[in-house]
Each structure stands twice: as structure tokens, then as C-alpha cells.
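Undergrad:
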Amino acid sequence: MTTRPEPNGECPLCGAAVTVEEERCPSCGLARPAARGSAVVCRSGLWFLALMFVAIYALVLATVAAAR
Ligand SMILES: [Zn+2]
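Numbering (our numbering), first residue to last: 424 to 491.
(1) If I follow the unbroken beta strand (DSSP E) through Ala439, where does it start and stop?
(2) Buried or exposed, going by whether 16 or more other CB atoms sit within 10 Å of the CB of Gly432?
(3) Taking Cβ positions, are Leu436 and Cys451 nearer each other than 9 Å?
(4) Is the separation between the beta-carbon of Val441 and that of Cys434 shorter than 9 Å?
(5) Run through DSSP, which three-state label would Gly468 get?
Here it is, written out as C-alpha cells:
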């Protein structure tokens with residue numbers, strides 16, 4: 424994906440503001456707390472796949488119903 428990451432993220436563990444350039448959270452030391460973009464993209468991709476599946480299912484259902 425070519426979308427730019429947000430300039431500032433939030434640590435999921437302690438809630439401290441963390442920039443994406445930082446490897447670790449300055450407050451609790453969690454590794455790459457701001458690098459959560461891939462998980463979000465993965466989740467939205469799964470939703471997209473599910474929507475595609477439902478759309479194809481409805482299309483097949485409509486085709487079978489129209490053929491009768
Ligand atoms: Zn933290």
C-alpha cells in the first residue's frame with residue numbers, strides 16, 4: 424500500500440504518544456508500537472474478501488433464480 428502512515432501513533436500498551444520513526448515506546452519500551460498499519464490493512468483486506476464473497480454468492484443466487 425502507498426498510503427502514508429500517520430505521523431504520530433499511540434502505544435497500545437501504555438497509551439503514550441509515539442512517532443512511527445521510533446523503534447520502541449519511550450514510556451514502556453514496547454517494540455514498534457506505532458507500526459500497526461499492517462494489521463489494519465490486513466483486517467480491511469479480510470472484510471473486502473468477505474464482501475467480495477457475499478457479492479459473488481448473491482450474483483450466483485440471482486443467476487440461478489433468473490434461469491428458472
Ligand atoms: Zn508504551
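Heads up, the beta-carbon is just placed ideally off N, CA and C, and yes, glycines get one too. On a predicted model such as this, the values are computed, not experimentally measured, just so you know.
TA: If we stick to the structure as given:
(1) Counting along the chain, Ala439 falls outside any beta strand (DSSP E), and DSSP gives it neither H nor E.
(2) buried
(3) Less than 9 Å separates the beta-carbon of Leu436 from that of Cys451.
(4) yes
(5) helix
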